[in-house]
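Trainee:
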Amino acid sequence: MGSLPIRSANFERLNKARRTVTDHFVTGLAILSTIVVLVPLVAILGYLIYKGASSLNFAFFTHIPAPVGEQGGGMSNAIVGSGVVLGLASLLGIPVGIGAGVYLAEYGQGRLLGNIIRFTADVLNGVPSIVMGMAAFALIVAKQQHYSAFAGGVALAIMMVPTITRTTEEMLATVPHAIREAALGLGIPKWRTVLSVSLRTASPGIITGCMLAFARVAGETAPLIFTAFGNEFWSFSLKEPIAALPLEIYKYAISPYDEWHRLAWGGALVLIAMIMVSVTLVRIFANRGVLKGGH
Amino acid sequence: MNEPGSIQLPQTILPERSEATGPVVEVIKPPSIIRSFLQSKSSGKFADGAFQGMMVVCAMSIFFIVLLILSVLVLNSKLSMHTFGWKFFTSSAWDPNVGDFGALPFIWGTVVSSLLAVCLAVPLALCVSIFLLEICPQWLRGPIAFLTEMLAAIPSVIYGLWAIFVLVPIMRDNVGPLLQKYLGWTGFFGGPNFGVGMLTAAVILAIMIFPVISSISRDVMKAVPIHQREAALALGATRWEMIRMSVLRNARIGIVGSVILGLGRALGETMAVTMVIGNHPDISKSLFAPATTLASVIANEFSEATGDLYVSALIEIGLALFIVTIVVNAIARLLVWAVTRGNSARAV
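In order, the protein sequences belong to chains F and A. Residue numbers for the first sequence follow this note's numbering, beginning at 20 and rising by one. Residue numbers for the second sequence follow this note's numbering, beginning at 16 and rising by one.
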């Protein structure tokens with residue numbers, strides 16, 4: 020510490036005042052920036068609800084888009100199309116993601132392969148979605164010579180995998196070892212233990228993880244531009260181009276027509292409502308803790 | 016494990032399931048020939064192996080996805096690589112009609128917009144993290160954290176929609192003239208101000224990467240041991256001095272990691288940027304000028320690209336984006352891991 024310099028009382032008082040002022044200043048700054056950050060959120064949500072609610076009507080959910088210049092029309096085909104593409108993505112992405120998470124938590128702990136996979140998953144999480152779309156284009160669309168809902172589903176599935184893998188691993192890591200050991204001690208094979216004990220115990224957490232991944236890809240536009248491509252009409256086939264909600268919002272937002280802008284706002288409200296509901300559910304379930312799913 | 020009675024009990028009750036563990040088998044005194052045959056070829060062992068194999072395949076598939084994306088991009092961009100070589104990244108020509116391609120304007124647009132966004136978002140994000148962890152009353156903490164996470168859940172295309180109809184007019188009519196008046200002398204705010212352009216893109220990017228930086232830097236700050244804080248306070252530090260000396264100082268590596276993670280997100284962000292940046296491949300000093308980024312040129316032109324060279328050039332841009340974001344993310348992850356030791360840090 021060395022020797023303390025002798026200071027006048029006046030200096031001490033000024034120093035104290037300076038420190039207090041700095042402290043208050045920083046506190047104020049932190050509060051101010053929190054408010055500044057919450058402003059755009061409230062602005063976006065508020066404006067979205069205001070514009071979106073005035074655009075929504077019954078026809079929005081039952082009609083396909085009207086041609087340019089005509090009033091009315093809806094986005095029913097895009098809502099269904101989003102469902103098809105997201106359903107396919109979940110079908111492909113969720114099993115692989117959970118499987119990889121199980122490997123990381125139950126088999127790969129402390130192994131080199133486990134660490135490599137974990138790191139790859141984290142890195143894959145950060146790859147721009149447009150690159151996924153490009154890869155799906157080169158792999159599927161270019162080979163088949165036409166845009167398809169299938170290619171869009173694959174692109175989204177790839178995006179879901181790393182998120183699901185990491186949440187599954189985290190959730191399995193919270194399952195107490197004693198439960199696994201009890202099952203193994205009763206002579207139950209490891210695979211049954213993993214399926215009926217570990218996975219079952221962690222299931223609420225894993226389901227919320229899947230919903231989180233679902234919510235994330237539900238709003239993705241970039242990977243769909245040159246895979247699912249969009250469609251003005253009804254389509255249920257995986258081999259055909261298909262409309263998707265985010266894709267149509269993008270197309271209508273950059274168009275010059277007021278009527279299409281209206282559709283874009285309505286679509287945005289429907290999309291955000293879908294996502295917010297799942298994120299809120301995730302929040303509720305996550306707070307209830309992991310161990311309540313075992314019954 | 017060492018009490019024979021407790022282990023033999025399930026053996027007698029469930030003889031057909033006794034293949035579970037090694038030590039169990041040792042305890043059984045005379046395993047009959049039939050029994051050992053059943054144990055060695057038991058369905059359980061087979062199923063165990065098959066199940067583990069399936070899980071390994073799932074896990075390896077993540078690794079293969081990355082390899083597959085990389086190889087597909089490399090293969091499809093070969094033509095452009097051969098035609099232009101490294102000059103591709105230093106040339107600013109972009110003329111699909113002549114077949115002359117260079118990526119410099121896009122690299123410029125990506126780098127400038129992302130760095131600007133990081134500069135705007137980092138101070139705010141750190142202030143909010145500090146507020147939530149150290150200042151905020153307990154009852155307010157949950158709702159605010161929830162709201163900032165909501166920001167992360169809004170899709171890119173909706174940010175873009177909002178930006179087109181709300182942010183662009185504000186930038187054009189209010190913020191732009193102000194900047195021109197007071198900071199016009201720097202030369203960064205010259206030229207006509209359309210509302211769409213580099214600055215607007217940077218603002219919307221900043222809003223979008225804020226939740227990433229904020230939530231991960233919060234995780235990192237939370238990992239600082241409470242004793243560090245108590246020690247500083249016990250020495251008579253004010254709250255800010257405590258935050259500066261114990262929290263920020265100990266968490267600095269992880270905070271840098273979270274910033275780089277935000278940067279990685281900004282580099283690859285496509286839709287919102289495409290909708291407000293103006294999409295003009297020019298390198299301009301003015302931040303009001305329309306520009307374009309690596310991701311937005313792909314989004315704009317890829318589905319309409321004709322000719323092998325054009326497509327190949329765009330795929331090479333995608334490849335560059337892929338490699339840059341992977342490197343940036345890898346660095347960021349390593350930094351965050353160094354602080355939280357692989358525990359809770361998770362991308363939003």
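For glycine and all other residues, C-beta sits at the position ideal for the given N, C-alpha and C. Please read these numbers as outputs of a predicted model, since none were measured by experiment.
Can you give, in chain order, each stretch of the alpha helix (DSSP H) that sits fully within the segment 75–99 of chain F and has at least 4 residues?
Mentor: Listed in chain order, the complete alpha helix (DSSP H) runs (minimum 4 residues) inside the segment 75–99 of chain F are 77–81.
Trainee: On the three-state DSSP scale, how would you describe F/A28?
Mentor: Counting from 1 along the first sequence, the entry for residue 28 of chain F is found at position 9. If DSSP states are grouped into helix, strand and coil, F/A28 belongs with the helices.
Trainee: Please classify F/I261: does DSSP put it in a helix, a strand, or coil?
Mentor: Stepping through the first sequence from its first residue, residue 261 of chain F is reached at position 242. Correct three-state label for F/I261: strand.
Trainee: Which of the three DSSP states is assigned to A/W109 in this structure?
Mentor: The residue given as residue 109 of chain A occupies position 94 in the second sequence. Here A/W109 sits in strand by DSSP.
Trainee: Whose Cβ in chain F lies nearer than 9 Å to the Cβ of A/E256?
Mentor: Indexing the second sequence from 1 puts residue 256 of chain A at position 241. Per Cβ cutoff of 9 Å: R38, T41 and D42.
Trainee: Would you mind telling me which residues of chain A sit closer than 8 Å to F/T227, beta carbon to beta carbon, in chain order?
Mentor: Here residue 227 of chain F refers to the residue found at position 208 when the first sequence is read from its first residue. Near F/T227 there are no residues of chain A at all, since even the closest Cβ is about 13 Å away, more than 8 Å.
Trainee: Terminal residues of the continuous alpha helix (DSSP H) containing F/V194?
Mentor: The residue labelled residue 194 of chain F in the question sits at position 175 within the first sequence. No alpha helix (DSSP H) holds F/V194; DSSP gives it neither H nor E.
Trainee: What does F/Y276 reach in chain A if we use C-beta pairs closer than 9 Å?
Mentor: As a working mapping, residue 276 of chain F is identified with position 257 in the first sequence. The contacting residues do not exist; F/Y276 stays about 14 Å from chain A at best.
Trainee: Can you pull the chain A neighbours of F/K162, defined as C-beta to C-beta under 7 Å?
Mentor: For the purposes of this step, residue 162 of chain F is identified with residue 143 of the first sequence, where counting begins at 1. Those do not exist, as F/K162 stays about 11 Å from chain A at its closest Cβ, beyond 7 Å.
Trainee: Please classify F/Y276 as buried or exposed, where buried requires at least 16 neighbouring CB atoms within 10 angstroms.
Mentor: As a working mapping, residue 276 of chain F is identified with position 257 in the first sequence. Exposed, by the Cβ-count rule.
Trainee: On a CA-only basis, which of A/L324, A/F180, A/T355 and A/P240 is nearest A/G272? Give me that one, please.
Mentor: Counted from its first residue, the second sequence places residue 272 of chain A at position 257. Among A/L324, A/F180, A/T355 and A/P240, the Cα nearest to that of A/G272 belongs to A/T355.
Trainee: Grab me the residues of F/G249's own chain with a C-beta within less than 6 Å of its C-beta, minus the 5 sequence neighbours each way, in chain order.
Mentor: Sequence index remark: in the first sequence, residue 249 of chain F carries index 230 (1-based). Correct list, in chain order: A262 and L266.
Trainee: What residues in the segment 64–82 of chain A bring their beta carbon closer than 7 Å to a beta carbon of chain F?
Mentor: Of all residues in the segment 64–82 of chain A, F66, Q67, M69, M70, V71, C73, A74, S76, I77, F78, I80 and V81 have a Cβ within less than 7 Å of some Cβ in chain F.
Trainee: DSSP state of F/F248, grouped into three classes?
Mentor: In the first sequence, counting from the first residue as 1, residue 248 of chain F sits at position 229. In the structure shown, F/F248 sits in a strand (DSSP, three-state: E or B).
Trainee: Measure the CB-CB distance between A/S230 and A/E164 and report whether it falls below 8 Å.
Mentor: Here the question's residue 230 of chain A lines up with position 215 in the second sequence. Here the question's residue 164 of chain A lines up with position 149 in the second sequence. Taking 8 Å as the Cβ cut-off, A/S230 and A/E164 qualify as a contacting pair.
Trainee: Rounded to whole angstroms, what's the CA-CA distance from F/A85 to F/P147? Just pull it up for me.
Mentor: Counted from its first residue, the first sequence places residue 85 of chain F at position 66. Counted from its first residue, the first sequence places residue 147 of chain F at position 128. In a straight line, the C-alpha of F/A85 is about 33 Å away from that of F/P147.
Trainee: Tell me whether the segment 51–64 of chain F and the segment 153–169 of chain A touch, counting them as touching only if at least three CB pairs, one residue from each stretch, are closer than 8 Å.
Mentor: Yes, they touch.
Trainee: Give the single residue among F/P59, F/T184, F/M178 and F/V104 whose Cα lies nearest to the Cα of A/M70.
Mentor: What you label residue 70 of chain A is simply residue 55 of the second sequence in a count that begins at 1. Checked all of F/P59, F/T184, F/M178 and F/V104; the closest Cα to A/M70 is F/T184.
Trainee: Tell me whether the segment 164–176 of chain A and the segment 280–287 of chain F touch, counting them as touching only if at least three CB pairs, one residue from each stretch, are closer than 8 Å.
Mentor: They touch, by the three-pair rule.
Trainee: Alpha carbons only, please: which of A/T215, A/V262 and A/V235 is nearest the one belonging to A/M290?
Mentor: Your numbering for residue 290 of chain A matches position 275 in the second sequence. When each option's Cα is compared against that of A/M290, the closest is A/T215.
Trainee: Which whole-angstrom value is the C-beta distance of A/V87 and F/A154, which I expect to be below 8 Å?
Mentor: As a position in the second sequence, residue 87 of chain A is number 72, starting the count at 1. As a position in the first sequence, residue 154 of chain F is number 135, starting the count at 1. Contact holds; Cβ gap of about 5 Å.
Trainee: With 8 Å as the threshold, decide whether the Cβ of A/P170 is near any Cβ in chain F.
Mentor: As a working mapping, residue 170 of chain A is identified with position 155 in the second sequence. Interface residue, yes.
Trainee: Hey, would you say A/A310 sits closer than 8 Å to A/E284, going by beta carbons?
Mentor: Here residue 310 of chain A refers to the residue found at position 295 when the second sequence is read from its first residue. Here residue 284 of chain A refers to the residue found at position 269 when the second sequence is read from its first residue. Yes.
Trainee: At the level of alpha carbons, what is the spacing between A/P8 and A/T201?
Mentor: Nothing in the structure corresponds to residue 8 of chain A, since chain A is present only between 16 and 363.
Trainee: What residues in its chain sit with their C-beta under 7 Å from that of A/L198, if we drop five residues either side in the sequence?
Mentor: Here residue 198 of chain A refers to the residue found at position 183 when the second sequence is read from its first residue. Taken in chain order, the residues that qualify are F204.
Trainee: When the Cα atoms are used, what is the spatial distance from F/L316 to F/M178?
Mentor: A question about residue 316 of chain F goes unanswered here, because the residues of chain F that appear run from 20 up to 314.
Trainee: Write down every uninterrupted run of the alpha helix (DSSP H) in the segment 139–220 of chain A whose length is 4 residues or greater and which is fully enclosed by it, in chain order.
Mentor: Entirely contained in the segment 139–220 of chain A, the alpha helix (DSSP H) runs reaching 4 residues are, in chain order, 153–168, 171–177 and 191–198.
Trainee: By DSSP, does A/F116 sit in helix, in strand, or in coil?
Mentor: In the second sequence, counting from the first residue as 1, residue 116 of chain A sits at position 101. Strand.
Trainee: Kindly confirm or deny that the segment 161–180 of chain F and the segment 110–125 of chain F touch, where touching means at least three C-beta pairs closer than 8 Å.
Mentor: At 8 Å Cβ cutoff, the stretches touch.
Trainee: Exposed or buried, what is F/E31 when buried is set at 16 or more other beta-carbons lying within 10 Å of its beta-carbon?
Mentor: As a working note, residue 31 of chain F is residue 12 in the first sequence. Per the 10 Å Cβ criterion, exposed.
Trainee: Could you tell me the alpha carbon to alpha carbon distance between F/G91 and F/F80, rounded to whole angstroms?
Mentor: Looking up residue 91 of chain F in the first sequence gives position 72. Looking up residue 80 of chain F in the first sequence gives position 61. Approximately 11 Å between the Cα atoms of the pair.
Trainee: Which same chain residues, not among the five before or five after A/S107, have their C-beta less than 7 Å away from its C-beta?
Mentor: As a position in the second sequence, residue 107 of chain A is number 92, starting the count at 1. Taken in chain order, the residues that qualify are G117, L119, P120 and I298.
Trainee: Along the segment 258–271 of chain F, what residues have a CB closer than 7 Å to any CB found in chain A?
Mentor: Taking 7 Å as the Cβ-Cβ cut-off against chain A, the residues of the segment 258–271 of chain F that qualify are P265, I268 and Y269.
Trainee: Report the neighbours of F/W279 on chain A: residues whose CB is nearer than 7 Å to its CB, in chain order.
Mentor: Counted from its first residue, the first sequence places residue 279 of chain F at position 260. Going along chain A, no residue has its Cβ under 7 Å from F/W279, so there is no contact; the nearest lies around 12 Å.
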